[in-house]
Amino acid sequence: DNVYKATFGFFHPYKKTKRVMIYHHGYASDYDTQKAHFKTLLRAGFAVIAHNLTGYGDSAPFQSWSEAKRPLRAFFEPVVASINYAMDKFGYEDINMMGLSAGGWMTAVAAAMDKRIKRSYPVAGVLPIYLRREKETASPQYYEPMLKAAGYLDMFILGSWGEGRKQLQIFNRYDRCCFANSRGKLYEAAVAEAVGKLGSGAFGVMIDESHARHKLSALGMKAILADVNK
C-alpha cells in the first residue's frame with residue numbers, strides 16, 4: 369500500500385481517569401467544530417481522541433483507491449493506532465467511540481472490528497444498504513470486499529456484542545442533509561435480539577426530534593453521557 373499520513377488530537381481531562389471517548393468527524397469540516405462537545409466530555413472525566421476523515425484537517429487526502437491493496441487501512445488504521453497509543457502510553461482502559469455523519473459510519477465499522485471499543489455511538493451516519501437514500505451513498509461505505517465479509521446489520525451486532533459493550537445509534541428525525549427519519553427503528557429489535565442470543569451486550573436506536581440539522585445536538589450528547597455512564 370502507498371504511504372498515508374493521518375493525525376489525531378489527544379485531549380486529557382484535568383483529573384485523569386481510565387476513560388477515553390474517541391470522536392470521529394465526517395465530511396465538510398473538521399473536528400474543531402466540535403469543541404463544545406469535547407469540553408463536555410472532558411468535564412465528565414473522559415480523555416478525548418479526535419479524528420478527522422481523510423482529506424480534512426492535517427490528515428492527507430486518500431487518492432489511490434483503485435491502486436491500494438487494502439484501501440480501508442487509510443480510514444481505520446489511524447483509529448486502531450490511537451487506541452493502542454492511549455492504552456500503551458497512558459494506561460487508558462475504558463475505550464468508547466462516537467462519530468458524526470461519515471464519522472458515524474467509521475464508528476460502527478470500527479466497533480465491529482475492535483472489541484476494545486466498549487460503547488459506540490454512531491450519529492447520523494450509517495444504515496443498512498437497503499434503507500439508504502440518494503445522499504447516503506459515499507463510496508467507501510460500499511466497498512465490496514468489506515460488504516462480502518459482513519453486511520451492516522452484521523456489523524451492528526458485532527459492535528454491540530460482548531461483556532460491557534453496547535451500541536446506541538442516534539438519528540436526527542428532521543435532518544435536512546441525510547439519514548433522517550426513524551428508519552433505524554426498523555431493525556432495532558432484530559439487532560437487539562441477535563445480540564441477546566449471543567449472551568452479552570446491547571443495542572439501541574434513538575431518534576432525536578429536537579432540531580433539523582445534520583449534527584450531534586445537546587440532547588444527543590446528553591443521551592450519550594447518560595448511556596456511557598450506566
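With this note's numbering applied, the sequence shown covers 369 to 598. Cβ coordinates follow ideal geometry from the N, Cα and C atoms, glycine included.
Residue j beta carbon less than 7 Å from that of residue i
| i | j | result |
| --- | --- | --- |
| Val573 | Lys590 | no |
| Thr385 | Gly413 | yes |
| Phe444 | Val416 | no |
| Asp576 | Leu566 | no |
| Asn464 | Met389 | yes |
| Leu468 | Val491 | yes |
First through last residue of the beta strand (DSSP E) which encompasses residue i
| i | result |
| --- | --- |
| Tyr489 | 485 to 491 |
| Ala415 | 415 to 419 |
Residue i, enclosing alpha helix (DSSP H) - first and last residue
| i | result |
| --- | --- |
| Lys373 | Element bounds for Lys373: n/a, residue is neither H nor E. |
| Ile497 | Neither: Ile497 is in no alpha helix (DSSP H) and is coded neither H nor E. |
| His600 | As shown, the chain starts at 369 and ends at 598. That puts residue 600 outside it, with no answer to give. |
| Ala454 | 441 to 458 |
| Ala518 | From DSSP, Ala518 is part of no alpha helix (DSSP H); its letter is neither H nor E. |
Alpha-carbon spacing of residue i relative to residue j, whole angstroms
| i | j | result |
| --- | --- | --- |
| Pro429 | Ala506 | 15 Å |
| Ile451 | Lys598 | 22 Å |
| Ser488 | Lys516 | 23 Å |
| Ala442 | Thr422 | 7 Å |
| Ala558 | Gly564 | 10 Å |
| Met474 | Ala396 | 15 Å |
| Pro513 | Ala449 | 22 Å |
Beta-ladder partner(s) of residue i, from DSSP
| i | result |
| --- | --- |
| Gly467 | His392, Pro490 |
| Leu536 | Gly572 |
Spatial neighbours of residue i in its chain, beta-carbon cut-off 8 Å, leaving aside the 5 residues before and after
| i | result |
| --- | --- |
| Tyr511 | Pro439, Leu440 |
| Ser585 | Asn540, Asp576, Ser578, His579 |
| Tyr460 | Lys386, Arg387, Val388, Ala415, Ala454 |
Other residues of its chain near residue i: CB distance less than 6 Å, five sequence neighbours each side excluded
| i | result |
| --- | --- |
| Lys483 | Gly530 |
| Glu556 | Val573 |
Chain-order list of residues whose beta-carbon lies under 7 Å from that of residue i (same chain, five-residue window excluded)
| i | result |
| --- | --- |
| Gly532 | Lys486 |
| Asn549 | Arg541 |
| Ala470 | Gly394, Tyr395, Leu421, Gly493, Ala506 |
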